[in-house]
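Here is the structure we will look at, set down as structure tokens.
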Amino acid sequence: MIELREKNGCALFQVRAQPRSSKSRVCGPYNGGLKVTLKAAPVDDAANKECCELFSGIFRIPPSRVHIVAGQSSRTKTVMVEGVTPEAAAHILEPYG
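The sequence shown begins at 1 in the numbering used here and counts up one residue at a time.
Here it is, written out as structure tokens:
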């Protein structure tokens with residue numbers, strides 16, 4: 001089960017990132033959040049950008065509306081999706097968790 005929080009009308013959730021993988025994808029649930037694999041290396045913010053692009057595709061919103069609000073230099077990150085309520089995010093993320 002993915003734990004979703006709300007902050008100023010935006011959905012927040014935890015992500016465990018594994019950089020330098022063969023492809024970028026959501027693997028499934030991990031400690032109340034989601035585990036993702038990313039092709040990009042954790043250099044020059046490339047993995048963080050790819051993480052935002054991955055979730056922008058899942059939510060079908062522009063990448064500029066997906067932000068990493070905590071854990072920029074860590075594997076465990078907090079992702080915020082602007083303009084999406086936690087209820088809507090739960091529905092969209094249901095197949096992954």
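We put the beta carbon where it would ideally sit given N, CA and C, even for glycine.
DSSP, reduced to helix, strand and coil, places I68 within a strand of the structure shown. In terms of CA proximity to A41, P19 leads the group C51, P19 and G57.
When beta bridges are read from the DSSP output, E82 appears opposite no residue.
In this structure, K35 lies away from S24, with their beta-carbon atoms at least 8 Å apart.
In the three-state reduction of the DSSP assignment, G28 falls in the strand class. For V81, the closest of V66, I2, S21 and T37 by C-alpha to C-alpha distance is V66. Distance between K77 and R60, taken at the CA atoms: about 20 Å. With a contact defined as Cβ atoms closer than 8 Å, A89 and A11 qualify at about 4 Å. DSSP lists R5 and M80 as the bridge partner or partners of L12.
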